[in-house]
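Visitor:
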Amino acid sequence: MYKIYAVCASGIGTSLFARKLITESIEALGYDMTDISISCIGLTEANGTSTDVFITGSTIAANIADRPGVEKVVVVNMINDKEGMKKALAPVLERAEAAGKVKKA
Numbered sequence: 014m015y016k017i018y019a020v021c022a023s024g025i026g027t028s029l030f031a032r033k034l035i036t037e038s039i040e041a042l043g044y045d046m047t048d049i050s051i052s053c054i055g056l057t058e059a060n061g062t063s064t065d066v067f068i069t070g071s072t073i074a075a076n077i078a079d080r081p082g083v084e085k086v087v088v089v090n091m092i093n094d095k096e097g098m099k100k101a102l103a104p105v106l107e108r109a110e111a112a113g114k115v116k117k118a
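In this text, residue positions in the sequence shown follow the numbering used here: the first is 14, and each later residue adds one.
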């Protein structure tokens with residue numbers, strides 16, 4: 014399972030809206046959601062969580078520790094910028110597809 018976490022300060026506000034936008038963007042890019050898990054998390058929990066990708070805003074991203082194998086995707090407007098989200102996710106998903114972690118629908 015390819016794990017994606019939408020990260021906001023508390024894990025119950027912006028990240029909930031972002032999860033919907035992330036799902037819509039992945040589907041719009043033509044990827045199969047079967048093997049992709051998208052969850053919400055707060056900043057405090059993010060630093061101790063195992064995942065493939067964190068998606069967050071620039072302020073939060075600066076506070077998430079860098080770890081090998083974990084990508085950080087920074088999206089300026091995580092709530093309603095579908096084009097920005099697609100642009101940010103496209104190269105991440107292409108790398109994941111090349112590694113056999115996700116597939117096109």
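Cβ coordinates follow ideal geometry from the N, Cα and C atoms, glycine included.
Here the structure is a predicted model, which is why all the values come from computation and not from measurement.
Since I54 and V20 are thought to touch, with beta carbons under 8 Å apart, how far apart are those beta carbons, to the nearest angstrom?
Guide: The distance from the Cβ of I54 to that of V20 is about 5 Å, consistent with a contact at the 8 Å cut-off.
Visitor: Bridge partners of G55, per DSSP?
Guide: C21
Visitor: Assign K116 to one of three DSSP states: helix, strand, or coil.
Guide: coil
Visitor: Taking all protein chains shown into account, do 16 or more other C-beta atoms lie within 10 angstroms of the C-beta of A41, making it buried, or fewer, making it exposed?
Guide: exposed
Visitor: Less than 8 Å separating the beta-carbons of K117 and E107?
Guide: no
Visitor: Which first and last residues belong to the alpha helix (DSSP H) in which I73 is found?
Guide: Counting along the chain, the alpha helix (DSSP H) containing I73 begins and ends at S71 to A74.
Visitor: With a threshold of 16 other CB atoms inside 10 Å of the CB of T69, please say whether the residue is buried or exposed.
Guide: buried
Visitor: Using DSSP with H/G/I as helix, E/B as strand and the rest coil, what is V83?
Guide: coil
Visitor: Do M91 and A22 come within 8 Å of each other at the CB atom, strictly closer than that value?
Guide: No.
Visitor: Have a look at N93, T57, T64 and Y44 and flag the residue whose alpha-carbon is nearest the alpha-carbon of P81.
Guide: T64
Visitor: For Y18 versus T72, is the C-beta spacing smaller than 8 Å?
Guide: No, the pair does not count as a contact, with Cβ atoms beyond the cut-off.
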